[in-house]
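Here is the structure we will look at, set down as structure tokens.
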Amino acid sequence: MRVFRILAVAFAAITSLSAAPASAQFFLKPADLSGPRVTGNEPGILGQTLTGATQTELDAALVWNLRAALNVAALQCRFAPSLFTREYYNSMLEDHAEELAKAYKTLGGYFERTSENKKQGVTAFDQYGTRLYSGFSTVGGQLSFCQVASDIGKEVLFSPRGSIDRIAHERMYELRRSLLAWGDQAYRGYFALAIPRLPNFNDDCWDESEYRAKRCGDFFASNDSKSG
């Protein structure tokens, strides 16, 4: 069954590309967003810090983050059907169901273990899931996110069962970076789109309504230099 599904996706890809060449390539030269293998302890990698989590629980969280990201891509990237984000996601659910179920159980166990009771653990897990899915929704970085999610989905499709853990560790850094707004690197420094930066909204960076540039960087000067 798996072989037939792979052949079906491959045939659909060939058919689509023959009708619209390079329709899944948004940039002449995409930004290189690859990065180091992560453990799950890195800030921002899991959406929120899982205090006191064991490495097994962090591994499960990475797998669940990957599932959430490809789920969001399946819905958010439908404007580019040749990316096959929906098909890749559905194939992952079927081919790697056992791995995903194990990650779900382990991650749920973390929230149950770190809550006062089982009911609070279920609620905490639900809240984490809501924040996780919304955290993979992007507007400015939609093109890079969809392209990276498609590439990861393809890797999952052609990887054997039991490999999602490895893929999540090796590509979550890249997936998180893809959520930012990236221009075409072929024209970087010439007429690339200037993307305004936002200040750091951490409470430590503000004194009431005044931004503390000495502590958090001169955000305003950086924007002025871009506009010039």
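Numbering (mature numbering (1 follows the signal peptide of the UniProt record, and there is no 0)), first residue to last: -24 to -1, 1 to 204. The C-beta atom is built at its ideal place from N, Cα and C for all residues, glycine as well. If you're wondering where the values come from, they're calculated on a predicted model, not measured in any experiment.
N- and C-terminal bounds of the alpha helix (DSSP H) containing residue 207: In the structure as shown, the chain starts at -24 and stops at 204, and residue 207 therefore has no counterpart that could be examined.
Contact under 9 Å by Cβ, ASP141 with VAL14: By one-based count along the sequence shown, residue 141 stands at place 165. By one-based count along the sequence shown, residue 14 stands at place 38. The beta carbons of ASP141 and VAL14 sit no closer together than 9 Å.
Status (buried if at least 16 other CB within 10 Å, exposed otherwise) for LYS130: The count along the sequence shown starts at 1 and reaches residue 130 at position 154. Buried: at least 16 other Cβ atoms inside 10 Å.
Nearest-angstrom Cβ-Cβ length linking ARG153 and LEU9, presumed shorter than 8 Å: As a working note, residue 153 is residue 177 in the sequence shown. As a working note, residue 9 is residue 33 in the sequence shown. Sure, about 4 Å apart at Cβ, within 8 Å.
Residues of its chain near ARG54, where Cβ-Cβ distance is below 8 Å and the 5 sequence neighbours each way are ignored: For the purposes of this step, residue 54 is taken as residue 78 along the sequence shown, with counting starting at 1. Result list for ARG54: THR61 and ARG62, in chain order.
Sufficient close CB pairs (3 or more, under 8 Å) joining the segment 119 to 130 to the segment 44 to 54: yes
Presumed contact (8 Å Cβ cut-off) between ASN41 and LEU59, rounded CB distance: For the purposes of this step, residue 41 is identified with residue 65 of the sequence shown, where counting begins at 1. For the purposes of this step, residue 59 is identified with residue 83 of the sequence shown, where counting begins at 1. Not confirmed; about 20 Å, so no contact.
Three-state secondary structure (DSSP) of GLU186: Within the sequence shown, the letter at position 210 stands for residue 186. Strand.
Best match in SER113, GLU70 and ASN17 for proximity to ALA44 [C-alpha to C-alpha]: Within the sequence shown, the letter at position 68 stands for residue 44. When only C-alpha atoms are compared, the closest one is SER113.
Inter-residue CB distance, ARG107 and GLN24 (contact presumed, cutoff 8 Å): Taking the first residue of the sequence shown as 1, we reach residue 107 at position 131. Taking the first residue of the sequence shown as 1, we reach residue 24 at position 48. Confirmed, about 6 Å.
Residue closest to GLY28, alpha-carbon to alpha-carbon, out of SER91, ALA189, SER139 and GLY20: Taking the first residue of the sequence shown as 1, we reach residue 28 at position 52. Comparing Cα-Cα distances from GLY28 to each of SER91, ALA189, SER139 and GLY20, the minimum goes to SER91.
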